[in-house]
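Enquirer: Line by line, the protein sequences are chains A and B. Add 228 to the 1-based position in the first sequence for our numbering, that's all there is to it. Add 22 to the 1-based position in the second sequence for our numbering, that's all there is to it. What follows is a structure written as structure tokens; I'll ask about it next.
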Amino acid sequence: MSAPLLDVRGLVTEVRRKGRGWTPVVDDVSLRIDPGEIVGLVGESGCGKSMTAFSILRLFPTPAARVARGEVIFKGRDLAAASPDALRRVRGGEIGMIFQDPSTFLDPLHTIGAQIEEPLRAHPFPGDRRARVIELIQQMGLPDPEAMVRRYPHQISGGQKQRALIATAMACSPSLLIADEPTTALDVTVQAQILSLMRDLRARSGTAILLITHDLGVVTEMCDRVYVMYAGKVVESNNTRVLFRAPRHPYTQGLLGSTLSLETASRELFAIPGTLPSADAMPSGCRFAPRCPIAQPACAASAPSLEVVDDGCAACHRLALTGRNVWREGAA
Amino acid sequence: MWRYILKRLAQALPVVLGVIVFNFTLIQLAPGDPVTLLVGDYPATEEYTRQVRADFGLDQPVPVRLARYLEQLARGNLGFSFANRMPVGELIAQRFGPTLMLMLTALGLAILIGIPLGVIAARNRGRLSDWVAQVGALAGYSTPDFWMGQLLILIFAVALGWLPSQGMRSARSVATGMQATLEVFPYLILPAFALGFRYIALLSRITRSAMLDALSADSVMGARAKGLSERRVLIAHVLRNAALPIVTVIGYNLGLLIAGSALIETVFSWPGVGRLLFDSISKRDYPVMTAILMMVSITVVIANLITDLVYAALDPRVRYAR
């Protein structure tokens with residue numbers, strides 16, 4: 229097996245809440261991305277998937293967040309231990325990042341051209357920056373590159389903004405692109421275009437992609453492998469085909485069961501009962517136990533660890549039972 | 023752009039006219055009679071008083087006087103000062119320079135002190151320096167400027183004797199040209215500070231909150247994700263975005279300075295328009311009062327126009343919206 233591009237080991241990210249001190253929102257997460265691979269990170273809103281992504285570049289939306297423990301090995305270097313300046317050189321250089329809402333992540337006061345050019349100025353770039361900007365705009369399938377350079381964000385559409393943001397992230401030809409819910413804020417038709425653009429980029433430049441999403445449809449379409457997160461922990465991971473055909477964690481089974489399809493349309497809509505526990509009121513033992521149909525008292529006693537199963541891993545005390553869908557057939 | 027400026031000025035014309043009519047009428051309705059001042063303290067004969075009243079047209083009803091005033095104004099004649107016995111235009115022209123100097127210095131102080139204070143407070147949010155700046159700004163904003171002026175005189179002129187407290191230059195000064203301009207400087211410090219004090223406080227508060235808003239914007243995280251240095255993020259993205267509300271506050275609150283200058287110039291015997299306004303009120307010098315109030319309204323209109331132009335230059339969204 230070749231060396232992974234990114235190897236996150238035992239990552240713990242904490243957020244400071246007023247009067248409650250530091251609370252972990254990402255708890256002992258490990259994940260691996262190989263060169264050129266598209267890896268999905270899925271889970272409900274608030275499960276810590278975005279915080280995991282932000283932790284890789286230590287780029288948090290709030291100042292009150294920190295990587296408390298763990299290693300983020302990127303190309304053999306530990307980014308979690310890197311100096312701010314060393315990390316700055318990786319950001320936008322070797323690792324690009326795109327975000328959920330392109331309209332707020334572009335600066336309204338600067339032209340699209342200037343914003344795409346910024347990473348080229350921040351990192352050593354040997355060629356002609358302006359030519360590179362035009363080339364990027366063309367690659368992203370944006371119309372009229374010469375005019376686009378001079379446009380401001382408010383003058384272009386949401387899909388165009390996301391393309392511009394991807395152009396910015398790809399400016400320095402990074403080997404990893406972190407995409408945090410890149411299509412959530414876009415129209416369905418535009419979503420498909422952006423996803424196919426990202427697939428093209430991988431095919432053309434071999435850029436690996438970490439795709440954070442709650443949309444399982446996007447995952448099946450895009451990802452080679454998937455990590456499923458629940459309440460700050462990875463509960464299951466596998467290659468996409470196996471995970472979707474035979475999920476082993478009750479949570480993954482529930483998550484898949486609650487997606488809409490023509491098959492499910494005739495049946496009653498399924499939803500996992502209960503809600504995601506908040507970071508400062510985590511249940512002891514298995515965090516999914518309060519919502520799990522096959523939970524036993526033992527599940528609340530100790531936290532299950534990830535065990536190898538069917539080419540991937542799952543963290544459940546009752547893996548013997550999960551060979552079939554526990555929601556449909558219960559514990560019987 | 024010129025079309026826009028002309029359009030805005032044309033729109034401002036009714037405003038200024040309204041201010042003139044309102045002020046003119048209001049002043050006439052106020053109790054007191056300028057004729058008593060004109061004839062002096064000595065007992066005057068009934069006939070003489072009537073004569074003076076007729077000479078100045080004060081025997082006419084208010085609408086007639088207003089019509090005459092507007093007619094003269096249209097010809098560029100601001101009227102004749104009762105108290106100073108000279109044309110109002112000349113009188114204001116004499117006093118305009120010192121007031122402009124005082125106001126611009128106060129504004130400069132406010133920008134040079136208030137904005138950095140706000141930036142420091144925002145960058146040290148929640149720490150002691152932020153707290154001190156915040157409390158200081160609140161106290162500063164709540165302090166009446168004439169009181170601040172007297173306090174400054176007591177400390178720096180009376181107790182310490184470092185700076186002069188009255189006037190614009192020494193009565194014995196014979197200097198001319200550049201020398202004379204430089205001589206004004208020590209006289210300028212205290213009144214400019216007193217006038218700018220609330221503005222400093224206001225700007226530091228606005229800057230702090232504008233900075234905090236700009237710092238928490240997604241686009242700042244986007245800029246960091248590009249690998250920009252913190253310095254570059256601060257200058258190109260945070261300060262640029264924070265400048266928008268700051269520019270608005272600077273421009274739209276210029277009225278604070280104008281209002282303040284009437285009191286500050288009185289406290290410091292500064293020979294400017296503000297002091298002239300104060301004197302004209304106490305002497306019921308109607309033409310001077312009306313002219314100064316008109317001038318103030320024109321200044322505010324122009325300041326707002328400049329603010330909007332600067333804002334448009336900074337923000338492409340506004341630039342293309344019109």
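Glycine included, C-beta positions come from ideal geometry on N, C-alpha and C.
Just checking my contact of Gly460(A) with Val253(A) at CB under 8 Å: how many whole Å lie between their CB atoms?
Expert: Cβ atoms of Gly460(A) and Val253(A) come within 8 Å of each other, at about 6 Å.
Enquirer: So, Val236(A) versus Ser258(A), is the Cβ gap smaller than 8 Å?
Expert: Yes; because the gap between Cβ atoms is below 8 Å, this pair is in contact.
Enquirer: Please report the distance separating the alpha-carbon of Arg453(A) from that of Ala342(A).
Expert: 35 Å
Enquirer: According to the neighbour-count rule (16 or more other Cβ atoms, all chains shown, within 10 Å of its Cβ), is Arg552(A) buried or exposed?
Expert: Classification of Arg552(A): exposed, given that the 10 Å Cβ count is below 16.
Enquirer: Give the residues of chain B in contact with Met325(A), contact being defined as C-beta atoms less than 7 Å apart.
Expert: Ala247
Enquirer: Excluding sequence positions up to five away, which residues of its chain have a Cβ less than 8 Å from the Cβ of Ala231(A)?
Expert: Gly304
Enquirer: Name, in chain order, the residues that DSSP records as bridge partners for Cys572(A).
Expert: Nothing about residue 572(A) can be read from this structure; chain A reaches only from 229 to 560.
Enquirer: Determine the chain A residues that contact Asp152(B) at a beta-carbon separation under 9 Å, and present them in chain order.
Expert: What Asp152(B) touches in chain A: nothing, since even the nearest Cβ is about 14 Å away.
Enquirer: Span of the beta strand (DSSP E) holding Phe302(A)?
Expert: 293-302
Enquirer: Within 10 angstroms of its Cβ, does Ala560(A) collect 16 or more other Cβ (buried), or is it exposed?
Expert: Only weak support is given to the placement of Ala560(A): the predicted model assigns it a pLDDT of 49, under 50, and the value that follows is read from those uncertain coordinates. Exposed.
Enquirer: Have a look at Arg358(A), Arg357(A), Gly387(A), His382(A) and flag the residue whose alpha-carbon is nearest the alpha-carbon of Leu370(A).
Expert: Gly387(A)
Enquirer: What's the call for Ser302(B), buried or exposed, on a 16-neighbour Cβ count within 10 Å?
Expert: Buried: at least 16 other Cβ atoms inside 10 Å.
Enquirer: Determine which residues share a DSSP beta bridge with Asn466(A) and list them.
Expert: The secondary-structure analysis by DSSP pairs Asn466(A) across a beta bridge with Val454(A).
Enquirer: On the DSSP bridge assignment, give the partners of Leu226(A) in chain order.
Expert: The structure shown has nothing for residue 226(A), since chain A only spans 229 to 560.
Enquirer: I think Ala179(B) touches Leu185(B), with their Cβ atoms under 8 Å apart; what is that distance to the nearest whole Å?
Expert: 6 Å
Enquirer: Name the DSSP bridge partner or partners of Gly249(A)?
Expert: Arg245(A)
Enquirer: Give, in chain order, every residue of the stretch 354-385 of chain A whose Cβ lies closer than 8 Å to some Cβ of chain C.
Expert: In the structure shown, chain C does not exist; the protein chains are A and B.
Enquirer: What separation, rounded to the nearest whole angstrom, lies between the Cα atoms of Leu39(B) and Lys305(B)?
Expert: 25 Å
Enquirer: If you follow the beta strand (DSSP E) that Gln324(A) is part of, which residue opens it and which one closes it?
Expert: Before going further, note that residue 324(A) is Gly rather than Gln in the sequence given. Residues 323-326.
Enquirer: Arg297(A): which of Gly268(A), Ile326(A), Trp250(A) sits nearest, CA to CA?
Expert: Trp250(A)
Enquirer: Going residue by residue through the stretch 109-142 of chain B, where are the continuous beta strand (DSSP E) segments of at least 3 residues, counting only ones entirely within it?
Expert: Taking only runs of at least 3 residues, no beta strand (DSSP E) segment lies wholly in the stretch 109-142 of chain B.
Enquirer: With a threshold of 8 Å, are at least 3 pairs of Cβ atoms found where one atom belongs to the stretch 165-172 of chain B and the other to the stretch 245-262 of chain B?
Expert: no
Enquirer: Taking Pro109(B) as the reference, which of Leu126(B), Pro309(B), Arg341(B) has the closest Cα?
Expert: Pro309(B)
Enquirer: Taking Arg84(B) as part of the alpha helix (DSSP H), name the residues at either end of that continuous run.
Expert: A small correction: the amino acid at residue 84(B) is Val; Arg does not occupy that position in the sequence shown. Start and end: 84-96.
Enquirer: Quick check on His477(A) - is its C-beta less than 8 Å from some C-beta in chain B?
Expert: no
Enquirer: Using a Cβ distance threshold of 8 Å, determine whether the stretch 267-278 of chain A contacts the stretch 442-452 of chain A, with at least three qualifying pairs required.
Expert: Yes, the stretch 267-278 of chain A touches the stretch 442-452 of chain A.
Enquirer: Assign Leu9(B) to buried or exposed, taking buried as 16 or more other Cβ atoms, counted over all protein chains shown, within 10 Å of its Cβ.
Expert: In the structure displayed, chain B extends from 23 to 344; residue 9(B) sits before or after that span and is not available.
Enquirer: Report the three-state DSSP secondary structure of Arg319(A) (helix, strand or coil).
Expert: In this structure, Arg319(A) counts as strand in the three-state DSSP scheme.
Enquirer: How long is the line joining the alpha carbons of Leu134(B) and Thr332(A), rounded to whole angstroms?
Expert: So the two alpha carbons sit approximately 31 Å from each other.
Enquirer: According to the Cβ coordinates, are Ile344(A) and Ala399(A) closer than 8 Å?
Expert: Result yes, Cβ atoms of Ile344(A) and Ala399(A) sit closer than 8 Å.
Enquirer: Quick one: which unbroken alpha helix (DSSP H) runs of 4-plus residues sit fully inside the stretch 144-190 of chain B? Chain order, please.
Expert: 150-164, 167-174
Enquirer: So is Tyr26(B) buried or exposed if we call it buried at 16+ other beta carbons inside 10 Å?
Expert: exposed
Enquirer: Once the 5 residues before and after Ile142(B) are set aside, which same chain residues still bring their CB inside 7 Å of it?
Expert: A distance below 7 Å between beta-carbons, with the five flanking residues on each side excluded, links Ile142(B) to the following residues of its chain, in chain order: Ser151, Ala155.
Enquirer: Got a sec: is the Cβ-Cβ distance from Thr329(B) to anything in chain A below 8 Å?
Expert: no
Enquirer: What ranges does the beta strand (DSSP E) occupy inside the stretch 226-281 of chain B, keeping only unbroken runs of at least 3 residues that lie completely in it?
Expert: none
Enquirer: Does the Cβ of Thr487(A) have 16 or more other Cβ atoms within 10 Å, making it buried, or fewer, making it exposed?
Expert: exposed
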